[in-house]
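Asker: Going by our numbering, the letters in the sequence shown line up with residues 763 to 1130, in that order. Ideal Cβ positions, reconstructed from N, Cα and C, are used throughout, including at glycine.
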Amino acid sequence: MASLTTARRLVVKIGSALLVDRATGALRNDWLAGLAQDVAWLKGAGVQVVLVSSGSIALGRGVLDLPGTDLALEQSQAAAAVGQIRLARAYEEAMAPHGITTAQVLMTLEDSRDRRRYLNSRATLEQLVSLGALPIVNENDTVATDEIRFGDNDRLAAQIAATIGADQLVLLSDVDGFYSANPADDPGATHYDVIDAITPAIEAQAGDAGSGLSKGGMKTKLMAAKTATAAGCAMAICHGAALRPLTALEQGANATWFTATLDPQAARKRWISAMKPRGTLTLDAGAVRALSLGNSLLPAGVHAVTGTFGRGDPVAIHDPEGHQLGLGLSRYTAEEARTIKGHQSQEIENLLGYPGRAALIHRDDMAL
């Protein structure tokens, strides 16, 4: 079983049923206060924490006196617009006594599918956690249509974990793990403590049951586990009703852990190395030496740019003799790269007419 305090970066997904009282539609402030204590404990142990929170629609629905189920898309969007304000304020007020700064990050499925948006999301989240802030991520239900929705925050949490290179993901839910069958229907159902591989047999055992407030059933949790573990992130499903749910998990509460075979950085490098390059950057000898030491690729070290590529596209990295060293995700378009190649990073704003990033390819976006 993994210890949460050993994680470098932890993503925690919070279901609507934990945050919002099903009967009254009111926020469960006592539970949120306990979660804040857990977050403070983990941050004190040096863990970078990101929360992926449901609850905006459930909160807004009560305020607008909308029906409890089967909302039309426009009703869900209206409820989310009202609820997001209340949810963000609630997190801010709960974390403030612990000296934790909160940040709201709203995302849609397109933000992870489009490489440019993906890099923007990654850079923003990286900056927030490096500054000690606590990002609160939610699906942007106020603008997302059915075609661009994740549809549940289990999968959104897994995508966030993959995006930021988290090594652990915890789904705080209304179930205490994965069972061989629905324990409500089958008292003899077996609880899994650890799942090392999501086999067809495991997938066949997943049901669709979810709570009245949440959309995520066990199938979506398995989909989340596939995404997370492929990115080198271990994932736990556990019951989150305890007032200190993460402390309870650390102390041995029932849970199912899905193990990852690679660490997040190795998984990301493998993902990048499998891409088809859209162009080529040829480096000088000094840049080749810098990369061998684990540094990012700066524009000054590039003396030739070929191909047509956009920001976030994969490009091949060549040494002066034309040998391929690896691949990386460019932070600039091909046209921009041609403009800034051979120049110092501090010259980028004058050359392009707007501020840019210091590295043409960051070392985390490179597979050599």
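1) How is the alpha helix (DSSP H) around Ser1035 delimited, first residue to last?
2) Looking at C-alpha atoms only, which residue of Ala1010, Leu1024, Ile922, Val1050 is the closest neighbour of Ser815?
3) Hey, quick one: how far does the beta strand (DSSP E) through Pro897 stretch, first residue to last?
4) Does the beta carbon of Leu934 sit closer than 9 Å to a beta carbon anywhere in chain C?
5) Use the C-beta contact count for Thr1070: other C-beta atoms within 10 angstroms, 16 or more gives buried, fewer gives exposed.
6) What does the alpha-carbon distance come out to for the pair Thr1009 and Leu772?
7) With distances taken between CB atoms, is the gap from Thr1068 to Thr1042 smaller than 9 Å?
8) At the level of alpha carbons, what is the spacing between Ala1120 and Ser1058?
9) Bridge partners of Trp1019, per DSSP?
10) Would you give the residue range spanned by the alpha helix (DSSP H) that Gly806 belongs to?
11) In whole angstroms, give me the CA-to-CA distance for Asp1193 and Ile957.
12) I need the straight-line Cα distance from Ala802 to Lys1103, nearest angstrom please.
13) On the DSSP bridge assignment, give the partners of Ala820 in chain order.
14) Which term fits His1124, buried or exposed, when burial requires 16 or more other beta carbons within 10 angstroms of its beta carbon?
15) Just to confirm before moving on: does the CB-CB distance between Met1037 and Leu933 stay below 9 Å?
16) Give me the Cβ distance between Thr864 and Ala843, rounded to the nearest whole Å; I'm assuming they're in contact under 8 Å.
17) I'd like to know whether the C-beta atoms of Val937 and Val812 end up nearer to each other than 9 Å.
18) Considering only the alpha carbon of each residue, which of Gly1088, Ala785, Ala840, Leu781 lies closest to Asn791?
19) Among Asn882, Ile862, Pro1061, Ala924, which one has its Cα closest to the Cα of Glu1097?
20) Roughly how many whole angstroms lie between the Cα atoms of Leu794 and Gly777?
21) Whose CA, out of Ala852, Ala841, Ala769, lies closest to the CA of Ala807?
22) For Leu1134, does the three-state DSSP call read helix, strand or coil?
23) Thinking just about the alpha-carbon of each residue, which of Ile862, Thr831, Met857, Gln866 is nearest to the one in Gln846?
24) How many Å lie between Ala764 and Gly787 at the Cα?
25) Could you tell me which residues DSSP puts in a beta bridge with Ser1107?
26) Answer yes or no: do Asp929 and Ala1022 have a C-beta to C-beta separation smaller than 9 Å?
27) How many whole angstroms separate the CB atoms of Thr870 and Asn902, which I take to be in contact at a CB cut-off of 8 Å?
28) Quick check on DSSP: helix, strand or coil for Ala1078?
29) Going by DSSP in three states, Val811 sits in which element: helix, strand or coil?
30) Checking 9 Å against the spacing of the C-beta atoms, do Arg1030 and Gly1063 come in under that value?
Answerer: To lay it out plainly:
1) Walking along the sequence shown from the start, residue 1035 turns up at place 273. Note, Ser1035: alpha helix (DSSP H), 1026 to 1035.
2) Position 53 of the sequence shown, counting from 1, holds the residue named residue 815. Checked all of Ala1010, Leu1024, Ile922, Val1050; the closest Cα to Ser815 is Ile922.
3) Translated into the one-based positions of the sequence shown, residue 897 becomes position 135. 896 to 901 is the span of the beta strand (DSSP E), which, as asked, contains Pro897.
4) The question asks about chain C, but that chain is absent: this structure has only one protein chain.
5) Taking the first residue of the sequence shown as position 1, residue 1070 is located at position 308. Classification for Thr1070: exposed.
6) By 1-based counting over the sequence shown, the position of residue 1009 is 247. By 1-based counting over the sequence shown, the position of residue 772 is 10. Using only the alpha carbons, I get a separation of about 14 Å.
7) Translated into the one-based positions of the sequence shown, residue 1068 becomes position 306. Translated into the one-based positions of the sequence shown, residue 1042 becomes position 280. Cβ distance < 9 Å, so Thr1068 and Thr1042 count as in contact.
8) Along the sequence shown, one-based indexing puts residue 1120 at 358. Along the sequence shown, one-based indexing puts residue 1058 at 296. A straight line joining the alpha-carbon of Ala1120 with that of Ser1058 spans about 9 Å.
9) Walking along the sequence shown from the start, residue 1019 turns up at place 257. For Trp1019, which the question treats as bridged, DSSP gives the partners Val956, Ala998.
10) Working through the sequence shown from its first residue, we reach residue 806 at position 44. First-last of the alpha helix (DSSP H) with Gly806: 791 to 806.
11) As shown, the chain starts at 763 and ends at 1130. That puts residue 1193 outside it, with no answer to give.
12) Counting from one through the sequence shown, the residue named residue 802 turns up at place 40. Counting from one through the sequence shown, the residue named residue 1103 turns up at place 341. Roughly 44 Å separates the two Cα atoms.
13) In the sequence shown, residue 820 corresponds to position 58, counting from 1. In DSSP, Ala820 forms no bridge with anything.
14) In the sequence shown, the residue the question calls residue 1124 occupies position 362. It counts as buried.
15) Reading the sequence shown from its first residue, position 275 is the one you call residue 1037. Reading the sequence shown from its first residue, position 171 is the one you call residue 933. Against a cut-off of 9 Å, the Cβ pair of Leu933 and Met1037 comes out as no contact.
16) Along the sequence shown, read from residue 1 onward, the residue named residue 864 stands at position 102. Along the sequence shown, read from residue 1 onward, the residue named residue 843 stands at position 81. Here Thr864 is actually not in contact with Ala843; their C-beta atoms are around 19 Å apart, not less than 8 Å.
17) Within the sequence shown, residue 937 is the residue found at index 175, counting from 1. Within the sequence shown, residue 812 is the residue found at index 50, counting from 1. No, Cβ-Cβ distance for Val937 and Val812 is not below 9 Å.
18) As a first step, residue 791 is located in the sequence shown; it is residue number 29 there, counting from the start. Of the candidates Gly1088, Ala785, Ala840, Leu781, Leu781 places its Cα closest to the Cα of Asn791.
19) The sequence position of residue 1097 within the sequence shown is 335, counting from 1. Checked all of Asn882, Ile862, Pro1061, Ala924; the closest Cα to Glu1097 is Pro1061.
20) One-based indexing of the sequence shown puts residue 794 at position 32. One-based indexing of the sequence shown puts residue 777 at position 15. If you take the alpha carbons of Leu794 and Gly777, they lie about 12 Å apart.
21) Looking up residue 807 in the sequence shown gives position 45. Comparing Cα-Cα distances from Ala807 to each of Ala852, Ala841, Ala769, the minimum goes to Ala769.
22) Residue numbering for the chain in the displayed model covers 763 to 1130; residue 1134 lies beyond these limits and cannot be assessed.
23) For the purposes of this step, residue 846 is taken as the residue at position 84 of the sequence shown. When only C-alpha atoms are compared, the closest one is Gln866.
24) The residue given as residue 764 occupies position 2 in the sequence shown. The residue given as residue 787 occupies position 25 in the sequence shown. Approximately 34 Å, taken between the alpha carbons.
25) Counted from its first residue, the sequence shown places residue 1107 at position 345. DSSP output for Ser1107 lists no bridge partner at all.
26) Translated into positions along the sequence shown, residue 929 becomes position 167. Translated into positions along the sequence shown, residue 1022 becomes position 260. Yes, the Cβ-Cβ distance between Asp929 and Ala1022 is below 9 Å.
27) By one-based count along the sequence shown, residue 870 stands at place 108. By one-based count along the sequence shown, residue 902 stands at place 140. Indeed, because the Cβ distance is near 5 Å, the residues count as touching under 8 Å.
28) Taking the sequence shown and counting its residues from 1, one reaches residue 1078 at position 316. The answer is strand: DSSP assigns Ala1078 an E or B state.
29) For the purposes of this step, residue 811 is identified with residue 49 of the sequence shown, where counting begins at 1. Looking at Val811 - three-state DSSP - the assignment turns out to be strand.
30) Here residue 1030 corresponds to residue number 268 of the sequence shown, with the count starting at 1. Here residue 1063 corresponds to residue number 301 of the sequence shown, with the count starting at 1. No, the pair does not count as a contact, with Cβ atoms beyond the cut-off.
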